[in-house]
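A short write-up of the structure that comes next.
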Amino acid sequence: MKHIVIILLSTGMMLLLAGLMVYFIIKHDTLRWGIAAGGIVLSALPLGLLFLKHNRINTPSIIGWYIFVICSICLGSIAGFYGRFSWWDTSVHFYKGIFTACIGVTLYKILVPEAARRGMSRLIPALFALGLAITGSVLWEMYEFLGDVIASHTMQRGGNTDTMVDLLAGFFGGVLIAIYTGFRKQNV
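Heads up: the sequence shown begins at 11 in our numbering, then just goes up one per residue.
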């Protein structure tokens, strides 16, 4: 079932973004066809999970990835939600914090044997999830900075304020999942 979800979502997203890329090439919109091309690559990444012998990444995490691609690439950059709605950028960063913290919980379950988890403090998986959310936020801001320097000059319109608000949104998204993880540790 998980393989079918990955194949269907990847194929659907790649076809949608390929269609958008062709449309923007015809319209001579170099910025947006480049964004669509990047979205194709991001949509193809989960296909790599099909080559793992034991793919233990859960289906909600895979679906969460595509929600992120739709919100950031399709709606945010291509449809112009970042420019139209002042709250969109912060909302996507908040979601990214939640998503990367959830990936942290999934990785914790994959990497730490169940026997070792039983005696572990509730704080450890919560801090691991929060740490991954913060790292994801920092890496995303580095991507935005490099994108502005190299290509578009449109990702960090608010400069330092935009960066700090984005980092805080990602942090608070991670805190939300870290608190949940701390309380639900026995079921994590």
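The C-beta atom is built at its ideal place from N, Cα and C for all residues, glycine as well.
From a predicted model like this one, the values you see are computed outputs, not experimental measurements.
When the beta-carbon positions are compared, C84 and L27 come within less than 9 Å of each other. Using a Cβ distance threshold of 9 Å, Y118 and F78 do not count as a contacting pair. When DSSP assignments are scanned along the region 52 to 124, the uninterrupted stretches of alpha helix (DSSP H) that are 4 or more residues long and fall wholly within it turn out to be 69 to 79, 91 to 94, 98 to 121.
Approximately 6 Å separates the beta-carbon atoms of F181 and I144; this is inside 8 Å, confirming the contact. Contact fails between the region 85 to 103 and the region 118 to 129, because fewer than three Cβ pairs, one in each stretch, are under 8 Å apart. Nearest C-alpha to S101 among A188, I189, V175, V32: V175.
In the DSSP assignment, M31 falls within the alpha helix (DSSP H) that extends over 12 to 36.
When C-alpha distances from S131 are compared across F193, I16, L25, T110, the shortest belongs to F193.
Residue range 170 to 193 is occupied by the alpha helix (DSSP H) that includes G183.
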